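Number of protein chains: 2
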Amino acid sequence: MRNLRLDICYEGTRYRGWQRLSGTDNTIQAKLEQTLSRILGEPIEISASGRTDAGTHAKGQVVSFHCQSTMPCEEILFKLRSYLPEDIGIYSCKNVSPRFHARLNAKTKTYTYRLWNSEEPCVFERKFVHIDPRPVDMDAMLRASRDFLGQHDFSAFCANKHMKKSTVRYIESFSIERLENEIRFTVTGNGFLHHMVRIMVGTLLEIGRGERTADCIPALFGASRADSGELIPACGLCLMEVTY
Amino acid sequence: MRNLRLDICYEGTRYRGWQRLSGTDNTIQAKLEQTLSRILGEPIEISASGRTDAGTHAKGQVVSFHCQSTMPCEEILFKLRSYLPEDIGIYSCKNVSPRFHARLNAKTKTYTYRLWNSEEPCVFERKFVHIDPRPVDMDAMLRASRDFLGQHDFSAFCANKHMKKSTVRYIESFSIERLENEIRFTVTGNGFLHHMVRIMVGTLLEIGRGERTADCIPALFGASRADSGELIPACGLCLMEVTY
Chain V
1 MRNLRLDICY EGTRYRGWQR LSGTDNTIQA KLEQTLSRIL GEPIEISASG
51 RTDAGTHAKG QVVSFHCQST MPCEEILFKL RSYLPEDIGI YSCKNVSPRF
101 HARLNAKTKT YTYRLWNSEE PCVFERKFVH IDPRPVDMDA MLRASRDFLG
151 QHDFSAFCAN KHMKKSTVRY IESFSIERLE NEIRFTVTGN GFLHHMVRIM
201 VGTLLEIGRG ERTADCIPAL FGASRADSGE LIPACGLCLM EVTY
Chain X
1 MRNLRLDICY EGTRYRGWQR LSGTDNTIQA KLEQTLSRIL GEPIEISASG
51 RTDAGTHAKG QVVSFHCQST MPCEEILFKL RSYLPEDIGI YSCKNVSPRF
101 HARLNAKTKT YTYRLWNSEE PCVFERKFVH IDPRPVDMDA MLRASRDFLG
151 QHDFSAFCAN KHMKKSTVRY IESFSIERLE NEIRFTVTGN GFLHHMVRIM
201 VGTLLEIGRG ERTADCIPAL FGASRADSGE LIPACGLCLM EVTY
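Which chain is which? The protein sequence lines are V and X, in order.
So for the first sequence, the working numbering puts the first residue at 1; every next one is plus one.
So for the second sequence, the working numbering puts the first residue at 1; every next one is plus one.
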């Protein structure tokens, strides 16, 4: 059966997240599945590299699906671009090996979290950042962030308290940059638990504000959700890249 | 009487332009005047460096107004930031000489016009660019744009056909850059007629598409509106800076 890969982006502001939900079609998965089913004339079910939360954005989401249709990729791409709402964009549509699966084959994912850390107005970027002007200690956050690197049990950074599967993940890189009015957190890992990036950055911000010490991270591995920091808002988060 | 200067920005998407209009309070001037009047407890009338059209943005608008209030500038700034909608931002609030007037004293203004010139998706910048993927000849547009420099009669680039005042303006610089998916036009002049930047860029784009020759600009000085190019959409336009 034919297997297709889409590379896509979206502004998550007005959606209830990636995943199809019963009772609403206001999810990105539902919009894409409805549009593809209409274009291809057959019911389409898609898999993404992973779900994104309500309000979270994506600049590098990857999707795959099977279909019977022989419609050329260029035509599918053109029709998707014509029919989808303007907050969902398609970079490419390609035929891939029947064994490719957007979620199961994902090797790493990279997310950014953007904090607007200034009293200056944030008019043009306001839907893509979390605004919190309280001063933070960059050095303390940088030191603490290094403890995330490597393989650890991120149970304390998972919103799902009754997670039955493994909560062990591998973090490959973690950077924190100060731009003019913004602090940008960028993390790459082999997978992320539910709300994991938002809780990791929330915990670092508590360190940055002096509410926790910079050496508190190692004690959180294998600990429980109550021990880690605040879940910060979804609007600052963006899925940037998935590698295979 | 006390005279105050505000440096402000706004996303123009949902407004009917800068200028107060009867029958609606959905203009940026009306929002600012209402909010200032409430904060200062006296009726406030403001002057901007110039009007912006419905849908046009500003990153460097300057405003001045007189008031009786002795409220400190920091307090006015703090209250404005608290009460104004999130698509209007205030950079600063300063006491200035009683003779300063945001419109009458303006020496130059700089506008950018952003064209998304690509089939690639434009999800995140879509409210700040005009999308037109048709290929254009950058060299032809660059050559033509040089003819705008200097002092000319821009009658053909003015939406107001019955303009009684002078249509002579001085253009100090005009640059056109190609970024990845975008072409950015930046123009600085001593003043701009109604719709002038949008008609200038619209005319350059017709040159870029080969619908006009690159040497057509000089013949348009002193000509009529019917001779120049298309008025392109307001969403790509942004007032970047005013100098005094």
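For every residue, glycine included, the Cβ atom is placed at its ideal position computed from N, Cα and C.
Predicted model, so just to flag it, every value in this text is computed and none were measured.
With fewer than 16 neighbouring CB atoms inside 10 Å of its own CB, A226/X falls in the exposed class. Looking at the DSSP output, A156/V bridges to nothing.
In this structure, K59/V lies near C9/V, with their beta-carbon atoms less than 9 Å apart. Between the C-alpha atoms of Y15/X and S173/V there is a straight-line separation of about 43 Å. Annotation note: the stretch 15-46 of chain X contains the following uninterrupted alpha helix (DSSP H) runs of length 4 or greater, listed N- to C-terminal: 28-40. Contact note: R126/V reaches chain X through E86, using a C-beta cutoff of 7 Å and chain order. For the options V201/X, I171/X and F192/X, the alpha carbon positioned closest to that of F185/X is the one of V201/X. Identification of chain V residues near Y10/X by a Cβ-Cβ cut-off of 7 Å yields V123, ordered along the chain. R81, E86, D87, I88, G89, I90 and Y91: these are the residues of the stretch 80-107 of chain X whose beta carbon lies less than 8 Å from some beta carbon of chain V, given in chain order. Taking 9 Å as the threshold, the shortest C-beta distance from H130/X to chain V does not fall below it. The DSSP-derived three-state label of F185/V is strand. Under the criterion of beta carbons closer than 8 Å, S64/V and N3/V qualify as touching, at roughly 6 Å. At a cut-off of 9 Å between beta carbons, K59/V contacts chain X. Under the DSSP definition of a beta bridge, D7/X partners with V62/X and S92/X. Sequence-distant Cβ neighbours of V197/X in its own chain, meaning closer than 7 Å and more than five residues away, are Y111, Y113, V187 and L237.
Taking a C-beta distance under 9 Å as the contact criterion, G208/X and D137/X qualify as a contact pair. Taking all protein chains shown into account, P121/V has 16 or more neighbouring C-beta atoms within 10 Å of its C-beta and is therefore buried.
DSSP places M138/V inside the alpha helix (DSSP H), whose first and last residues are M138 to R146. Taking D153/V as the centre and dropping the five residues before and after it, the same chain places the C-beta of T167, V168, F221 and G222 closer than 6 Å to its C-beta, in chain order. At a cut-off of 9 Å between C-beta atoms, E211/X does not count as an interface residue with respect to chain V. Listed as beta-bridge partners of H130/V by DSSP are L115/V. In chain order, G89 and Y91 make up the part of chain X whose C-beta sits under 9 Å from the C-beta of E120/V. An exposed status is given to R99/V, since fewer than 16 other beta-carbon atoms sit within 10 Å of its beta-carbon.
Here the C-alpha atom of G55/X lies approximately 11 Å from the C-alpha atom of I28/X. Of the residues I183/X, F124/X and L6/X, the one whose Cα lies closest to the Cα of R134/X is I183/X. N117/V counts as buried, since at least 16 other C-beta atoms from the protein chains shown sit within 10 angstroms of its C-beta. Across the set P85/V, E177/V, T243/V and C235/V, the C-alpha of E177/V shows the shortest separation from the C-alpha of M141/V. K161/V counts as exposed, since fewer than 16 other beta carbons sit within 10 angstroms of its beta carbon.
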